[in-house]
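Remarks on the structure that follows.
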Amino acid sequence: MKIAVLVKYIPNPEGTPEMGSDFRLKREGVEAALDPGDEHGVEAALQLAGADGEVTYVTMGPEPAAAAIRRALSMGGHKGVHVKDDALKGADALVTAKALAAALKRDQYDLVITGVESTDGYTGTLPMTVAELLGIPSATFARKLEAKDGGISIERQTAGGYDSVECSLPALVTVTAGANEPRYPTLKGIMAAKQKPMDTLSVSDLGLSAEDATPTQEVMGIEPVPAKEAGEILEAGDDTAARVVEFLRSAKVI
Amino acid sequence: MDRDFGLSEDQREVVLAVREFMAERAGPVAAGFEERHEFPRDLFRELGGMGLAGIPYDEAYGGGGQTFLTYLAVLEEVARGFFSLALALSVHHLSAFGVHAFGSEELKRRYLPRLFAGEWLGAYALSEASSGSDAASLRCKAERSDGGWLLTGSKRFITHAGQAEFYLVMARTGDGSPKGISALVVEKGWDGFDFGKLESKMGWSASPMRELLFEGCQVPGENLVGAEGQGFTIALAGLDCGRLGIAACSVGLAQAAFEAALGFAKERQQFGKAIIEFEGLQFMLADMATQIEAARRLYRDAGRVRDAGGDYSTGASMAKLFASDTAMRVTTDAVQIHGGYGYMQEYPVERFMREAKALQIVEGTNQIQRMVIGRRLAEA
Ligand SMILES: Cc1cc2nc3c(=O)[nH]c(=O)nc-3n(C[C@H](O)[C@H](O)[C@H](O)COP(=O)(O)OP(=O)(O)OC[C@H]3O[C@@H](n4cnc5c(N)ncnc54)[C@H](O)[C@@H]3O)c2cc1C
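Chains C and Y, in that order, are what the protein sequence lines are.
Residue numbering for the first sequence follows our numbering, beginning at 2 and increasing consecutively.
Residue numbering for the second sequence follows our numbering, beginning at 65 and increasing consecutively.
Here you go:
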């Protein structure tokens, strides 16, 4: 099976990310790592691909983002595709999806695997948008996935259990953190990753227009989330139930 | 400050992967293993699976083919998260050194791949009840018999005894001089090879230590490492590397104690402010950080000299001496900064302090290191 995994290099997954003066996450000159959520995608791909399959990692981001691909390659897999272009700075979810879909179209993948959502700035819409742009089905929230009858079968995580979903290939699958336990890179894997091929592609390499690369979203400003206000404690009394109902009504919960 | 400054990109990436492994898998369970006096064999195997049980050794025998500096930087990182696990790697490495550097092709093929994969664990047996610093006076005897060697006697203070499958044993095969000593590989389970009781120690509780007891243990002739009479040379050559390993473990341990103390000093409030605001403690922390950094530079520099093929023996002694003394001072100060809490077992620093003490004793006491350095100065 030929598999592509979307990977993202994110700033400081353990600490508090910093915001830049353009109201966007600072992505350059900060400590960064492969998104921990993506490690599950990498692991899923490596397990599915087995010995005969081929795994390609695709990322979009500035120069340092190539480290996400190298890190994934040190876990296993075959090659990387790095979409890198100053024109893509400040890309919103739609522009990102267009760029990634264009990079994926350059090859014929049986399966595209992604995490459910990024750990840094996220909308949780990117995987489905990419699938739509590629014209392939997407099966999301896989807590388990396996190849079956020339297609793919997943257990889709739900609030109370799971749904069994099967679909034909090519397809896109998003995997949850419960799907697997990602392997650690080995010494040999780290050294071998340096020798594996990596393509670097610009907007024009992808055949995208300036318009495609222009975000439709503009960030006007950012506000910190207000501190949580102290709650109100109701003492048990005759009117407590009525006051709770009144409170829920005013909060438009009921 | 960038602890990894000066490491190559390859070295940094390896250290980073280890840091992640330690933070997620090994670090959180370290205290439990120490408390239960249990050797973390599975974690050791996992490190082996990551290719870390033979980092600087030849790839032809399953080693990693990386620099000695890479190995040392990994040791430091492992020690920072789980000291006894780093010690295990260091002793394992020391045990394999003799066969790798002096052993026959057959011996290398038979033992090294299993050791470097982390399937087998190694032990290094030089010390005896009556010979420690004066190791050359060892008495454990190997006599020629049936084309091999008949081993009789005992070895004291042997780390990994009972756990390890592979033992590098220094024994007397000739006269009473250092040239009368040979190195033999002995496997666990061989007839006439037994272990004493598990020693109870001040620290290093997850690292098992026992006596080795040989009562007419038949060792095949081909298990002689190098030439007959070369054993003491082999033992000492191993210790040169081993001392750098102990230095790296010392720095990792000191780093862990320093980080714990710094964190505590920022949290703990007295007289209406965090205690790190007091100059008395700031100066202690400044000294700790400075000594750790100096110790790190010392062992890494000696590692680079070794990688470049230079004479690093004195550098290794200096690094072992300074780094283990630093670990002792820093862990003691870390307890002090914690105040009464530092003396309690619910905080890790009292354990770090106990762990540091043995570093001044093993692989040549710090008196012996000074003697070695001093002799070199006198000879020069
Ligand atoms: C936790 C632990 C693990 C160990 N693991 C191993 C192992 O795996 N394999 C192994 O072979 N050994 C091991 N050892 C043994 C260790 O190498 C010895 O304890 C060490 O070499 C010191 O020898 P000794 O204990 O006999 O002390 P001694 O040599 O009797 O020394 C006693 C004191 O005298 C001092 N001294 C001795 N000679 C001189 C001198 N010429 N000048 C000045 N001072 C001197 C020493 O510095 C020390 O302070 C281990 C020891 C410990 C504590």
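Glycine residues also receive a C-beta, built at the ideal position from the N, C-alpha and C atoms.
Mind listing the chain Y neighbours of Ile191(C)? Cutoff is C-beta to C-beta under 8 Å, in chain order.
-> Sequence index remark: in the first sequence, residue 191(C) carries index 190 (1-based). Asp74, Glu77, Val78, Ala81, listed in chain order.
Closer than 8 Å by C-beta to Thr141(C): which residues in its own chain qualify, once you throw out the five before and the five after it? Chain order, please.
-> Here residue 141(C) is taken as the residue at index 140 of the first sequence, counted from 1. The residues are Val117, Pro128, Met129, Arg157, Val174, Thr175.
Would you kindly report the start and end of the unbroken alpha helix (DSSP H) that includes Glu323(Y)?
-> Here residue 323(Y) refers to the residue found at position 259 when the second sequence is read from its first residue. Here the alpha helix (DSSP H) through Glu323(Y) covers 295-331.
Could you check the C-alpha separation between Ala252(C) and Glu233(C) for me, to the nearest Å?
-> In the first sequence, the residue the question calls residue 252(C) occupies position 251. In the first sequence, the residue the question calls residue 233(C) occupies position 232. For the pair Ala252(C) and Glu233(C), the Cα-to-Cα distance works out to about 14 Å.
Euclidean distance between Cα positions of Thr429(Y) and Glu110(Y) = The residue given as residue 429(Y) occupies position 365 in the second sequence. The residue given as residue 110(Y) occupies position 46 in the second sequence. Rounded to the nearest angstrom, the gap between the Cα atoms of Thr429(Y) and Glu110(Y) is 32 Å.
Tell me whether Ile425(Y) counts as near ligand 1, meaning its Cβ is closer than 6 Å to at least one heavy atom of that ligand.
-> Here the question's residue 425(Y) lines up with position 361 in the second sequence. Yes, the beta carbon of Ile425(Y) sits closer than 6 Å to at least one heavy atom of ligand 1.
Contact list for Tyr185(C) against chain Y, beta-carbon separation under 9 Å = Here residue 185(C) is taken as the residue at index 184 of the first sequence, counted from 1. Neighbours of Tyr185(C) on chain Y, chain order: Ala81, Val82, Glu84, Phe85, Glu88, Arg89, Glu110, Gly113, Met114.
Within the present structure, is the beta-carbon of Tyr411(Y) separated from the nearest heavy atom of ligand 1 by less than 6 Å?
-> Position 347 of the second sequence, counted from the start, is the residue given in the question as residue 411(Y). The answer is no for Tyr411(Y).
Mapping DSSP to helix, strand and coil, what is Gly460(Y)?
-> In this structure chain Y extends from 65 to 444, so residue 460(Y) is not present and cannot be described.
So is Arg100(Y) buried or exposed if we call it buried at 16+ other beta carbons inside 10 Å?
-> As a working mapping, residue 100(Y) is identified with position 36 in the second sequence. Exposed, because fewer than 16 other Cβ atoms sit within 10 Å of the Cβ of Arg100(Y).
DSSP state of His83(C) mapped onto helix, strand, coil = For the purposes of this step, residue 83(C) is taken as residue 82 along the first sequence, with counting starting at 1. In the structure shown, His83(C) sits in a strand (DSSP, three-state: E or B).
When the Cα of Ile191(C) is compared with those of Ala94(C), Ile70(C), Val246(C), which residue comes out closest?
-> Here residue 191(C) refers to the residue found at position 190 of the first sequence. Of the candidates Ala94(C), Ile70(C), Val246(C), the one whose C-alpha sits nearest the C-alpha of Ile191(C) is Ile70(C).
Closer than 7 Å to chain Y by CB, Leu74(C) | Position 73 of the first sequence holds residue 74(C). It does not: the Cβ of Leu74(C) has no partner Cβ on chain Y nearer than 7 Å.
Candidates Phe103(Y), Ala444(Y), Glu84(Y), of which the one nearest Ala34(C) by Cα | Translated into the one-based positions of the first sequence, residue 34(C) becomes position 33. Per the Cα distances, Glu84(Y).
So with Cβ pairs under 7 Å, would you call Gly38(Y) a contact of chain C?
-> Because residue 38(Y) is not part of the residues shown, which for chain Y are 65 to 444, the question remains open.
Whose C-beta lies closer than 7 Å to the C-beta of Arg434(Y) among residues of the same chain, with five residues either side of it excluded?
-> Working through the second sequence from its first residue, we reach residue 434(Y) at position 370. Closer than 7 Å at Cβ, skipping near neighbours: Leu385.
DSSP beta-bridge partners of Val174(C) = By one-based count along the first sequence, residue 174(C) stands at place 173. In DSSP, Val174(C) forms a bridge with Ile114(C), Ala140(C).
For Tyr123(C), does the three-state DSSP call read helix, strand or coil?
-> Indexing the first sequence from 1 puts residue 123(C) at position 122. In this structure, Tyr123(C) counts as coil in the three-state DSSP scheme.
Proximity test, Cβ basis, 7 Å: Leu188(C) and chain Y = Sequence index remark: in the first sequence, residue 188(C) carries index 187 (1-based). Taking Cβ atoms only, chain Y reaches closer than 7 Å to Leu188(C), which makes this a yes.
Just checking my contact of Leu345(Y) with Ala329(Y) at CB under 8 Å: how many whole Å lie between their CB atoms?
-> Position 281 of the second sequence, counted from the start, is the residue given in the question as residue 345(Y). Position 265 of the second sequence, counted from the start, is the residue given in the question as residue 329(Y). The pair is a contact, with the Cβ atoms about 6 Å apart (cut-off 8 Å).
Segments of 3+ residues assigned as beta strand (DSSP E) that fall wholly inside the region 174-227 of chain C | 199-202
Tell me whether Ile432(Y) sits in a helix, a strand or coil according to DSSP, three-state version.
-> One-based indexing of the second sequence puts residue 432(Y) at position 368. Looking at Ile432(Y) - three-state DSSP - the assignment turns out to be helix.
Across which residues does DSSP place Gly336(Y) in a beta bridge pair?
-> Start at 1 with the first residue of the second sequence, and residue 336(Y) comes out as number 272. The partner list for Gly336(Y) (beta bridge, DSSP) is empty, contrary to what the question assumes.
How is the alpha helix (DSSP H) around Ile70(C) delimited, first residue to last?
-> Your numbering for residue 70(C) matches position 69 in the first sequence. Its alpha helix (DSSP H) spans residues 67-76.
Rounded to a whole number of angstroms, what is the C-alpha to C-alpha distance between Met76(C) and Leu188(C)?
-> Here the question's residue 76(C) lines up with position 75 in the first sequence. Here the question's residue 188(C) lines up with position 187 in the first sequence. If you take the alpha carbons of Met76(C) and Leu188(C), they lie about 10 Å apart.
For Asp258(Y), write down the residues that DSSP places opposite it in a beta bridge.
-> As a position in the second sequence, residue 258(Y) is number 194, starting the count at 1. Note: Asp258(Y) sits in a beta bridge opposite Leu277(Y).
Just the C-alpha distance for Phe259(Y) and Pro92(Y), rounded to the nearest angstrom, thanks.
-> In the second sequence, counting from the first residue as 1, residue 259(Y) sits at position 195. In the second sequence, counting from the first residue as 1, residue 92(Y) sits at position 28. Roughly 31 Å between the two C-alpha positions.
If we ignore side chains and look at the alpha-carbon of each, how far apart do Arg25(C) and Lys90(C) end up?
-> As a first step, residue 25(C) must be located in the first sequence, where it is residue number 24. As a first step, residue 90(C) must be located in the first sequence, where it is residue number 89. So the alpha carbons of these two residues sit roughly 10 Å apart.
Touching by the beta-carbon criterion (3+ pairs, under 8 Å), the region 71-85 of chain Y and the region 132-148 of chain Y | yes
When we look at the beta-carbon of Gln109(C) and count the other beta-carbons within 10 Å, is it buried (16 or more) or exposed?
-> Here residue 109(C) is taken as the residue at index 108 of the first sequence, counted from 1. So Gln109(C) ends up on the exposed side.
Among His402(Y), Gly373(Y), Val369(Y), Asp375(Y), which one has its Cα closest to the Cα of Gln333(Y)?
-> In the second sequence, counting from the first residue as 1, residue 333(Y) sits at position 269. Looking at the Cα atoms, His402(Y) is the closest of the given residues.
With a threshold of 6 Å, establish whether the CB of Gly196(Y) neighbours any heavy atom of ligand 1.
-> Residue numbering aside, residue 196(Y) sits at position 132 when the second sequence is read from its first letter. Yes, the Cβ of Gly196(Y) comes within 6 Å of a heavy atom of ligand 1.
Would you identify the three-state DSSP class for Glu167(C), choosing helix, strand or coil?
-> In the first sequence, counting from the first residue as 1, residue 167(C) sits at position 166. Looking at Glu167(C) - three-state DSSP - the assignment turns out to be strand.
Return yes when the Cβ of Ala104(C) is within less than 7 Å of the Cβ of Val84(C), no when it is not.
-> Position 83 of the first sequence, counting from 1, holds the residue named residue 84(C). Position 103 of the first sequence, counting from 1, holds the residue named residue 104(C). It is a contact, given that the beta carbons lie within the stated cut-off.
Which value, in whole angstroms, describes the spacing of the CA atoms of Ala387(Y) and Ala358(Y)?
-> In the second sequence, residue 387(Y) corresponds to position 323, counting from 1. In the second sequence, residue 358(Y) corresponds to position 294, counting from 1. Whole-angstrom Cα-Cα distance: 8 Å.
Ala420(Y) beta carbon near ligand 1 (any heavy atom closer than 6 Å) | Within the second sequence, numbered from 1, the residue matching residue 420(Y) stands at position 356. Ala420(Y) Cβ: outside cutoff for every heavy atom of ligand 1.
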